[in-house]
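Heads up, the thing below is written out as structure tokens.
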Amino acid sequence: MSTTYYATCDSPLGELLLAGDGEALASLSVPGQRRGAAVRPDWRRDDAAPALAAARVQLDAYFAGDLKDFALPLAARGTDFRERVWAALDSIPFGATTTYGELAARIGAPRAAVRAVGAAVGANPLLIVRPCHRVIGADGSLTGYAGGLDRKRRLLALEGAASAVAGKVCRLASSGAVPRKAPDRGLYWAYSRDPATPRGAVPGGARR
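Residue numbers 1 to 208, in full-length UniProt numbering, belong to the letters of the sequence shown in order.
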């Protein structure tokens with residue numbers, strides 16, 4: 001049995017937990033994630049493991065607004081159906097969103113399989129790098145996200161997804177919230193009900 005290595009990475013979403021065999025990334029979890037990974041007694045910490053070190057560098061660049069597409073070896077394992085859904089997530093471009101129905105169509109699944117597609121998306125073990133946050137409801141609602149809806153909003157806004165920025169997904173118009181760019185790095189958004197008195201923006205750069 002291969003050894004599982006892990007590392008952590010500071011980010012605007014909290015401390016991320018990365019795990020894998022050292023050569024490929026198998027999971028990426030955020031704090032408090034539903035069904036997220038947790039360090040086990042037999043895991044070994046190794047921040048220098050190739051896949052984990054590469055993931056930390058690329059995540060830093062992503063949150064700083066300098067990276068749109070991750071290029072990492074991934075090793076998540078699931079049923080054949082789930083792996084097909086997860087692979088389809090990789091085809092959703094940065095700054096775009098798709099629906100569960102559209103995702104089902106991409107893998108050639110019947111319309112009746114939309115719920116199963118949603119379950120597979122919810123079971124994605126590689127948050128952020130395998131962008132399940134880009135999947136939304138047919139009516140433009142955020143629906144669910146294992147990392148929490150607030151993090152889903154933030155990721156979509158960071159990426160400049162049209163539906164999030166325009167308010168279709170985030171419902172900014174109905175809430176009176178106004179998206180505001182962070183002054184230093186520009187891609188991590190904070191929200192304020194009064195445009196004249198913005199809350200402090202959260203810096204977009206992650207620290208390792």
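Cβ atoms here follow ideal geometry from the backbone N, Cα and C, with glycine treated the same way.
Item: Checking 8 Å against the spacing of the C-beta atoms, do Gly147 and Leu127 come in under that value?; Value: yes
Item: Touching or not, the segment 109–129 and the segment 143–159, by the rule of three or more beta carbon pairs under 8 Å?; Value: yes
Item: If contact is defined by three or more beta carbon pairs under 8 Å, each pair taking one atom from either stretch, is the segment 61–77 in contact with the segment 106–120?; Value: no
Item: Spatial neighbours of Ala196 within its chain, please: C-beta separation below 7 Å, excluding the five flanking residues on both sides.; Value: Note that Ala196 scores 33 on pLDDT, short of 50, meaning its location in the model is unreliable and no value can be drawn from it.
Item: According to DSSP, Leu127 sits in a beta bridge with which residue or residues?; Value: According to DSSP, which records beta bridges pairwise, Leu127 is partnered with nothing at all.
Item: Is it the case that the Cβ atoms of Tyr5 and Leu52 are separated by a distance below 8 Å?; Value: yes
Item: Could you check what DSSP says for Tyr145 in three-state terms: helix, strand or coil?; Value: coil
Item: Suppose only complete runs of 4+ residues qualify. What are the alpha helix (DSSP H) ranges in the segment 94–128, listed by chain order?; Value: 100–106, 114–122
Item: Output the distance between the C-alpha atoms of Val114 and Arg45, rounded to the nearest integer angstrom.; Value: 38 Å
Item: Pick helix, strand or coil for Leu13, following the three-state DSSP scheme.; Value: coil
Item: Looking only at its own chain, which residues have a Cβ that is under 6 Å from the Cβ of Gln33, when we skip the five neighbours before and after it?; Value: Ala146, Gly147
Item: Verify whether the separation of the beta carbon atoms of Leu103 and Ala88 is less than 8 Å.; Value: yes
Item: Between Ala96 and Leu28, what straight-line distance do the alpha-carbon atoms span, to the nearest angstrom?; Value: 21 Å
Item: In the DSSP output, which residue or residues are listed as bridge partners for Ala19?; Value: Tyr6, Ser27
Item: Is Ala55 buried or exposed, if buried means 16 or more other CB atoms sit within 10 Å of its CB?; Value: buried
Item: Measuring CB to CB, does Arg151 end up less than 8 Å from Val57?; Value: no
Item: Quick check for students: name the residue ranges of the alpha helix (DSSP H) that lie wholly in the segment 31–96, counting only runs of 4 or more.; Value: 50–63, 80–89
Item: Rounded to whole angstroms, how far is the Cβ of Leu17 from the Cβ of Leu25, which I believe are closer than 8 Å?; Value: Not quite, the Cβ-Cβ distance comes to about 11 Å (not below 8 Å), so this is no contact.
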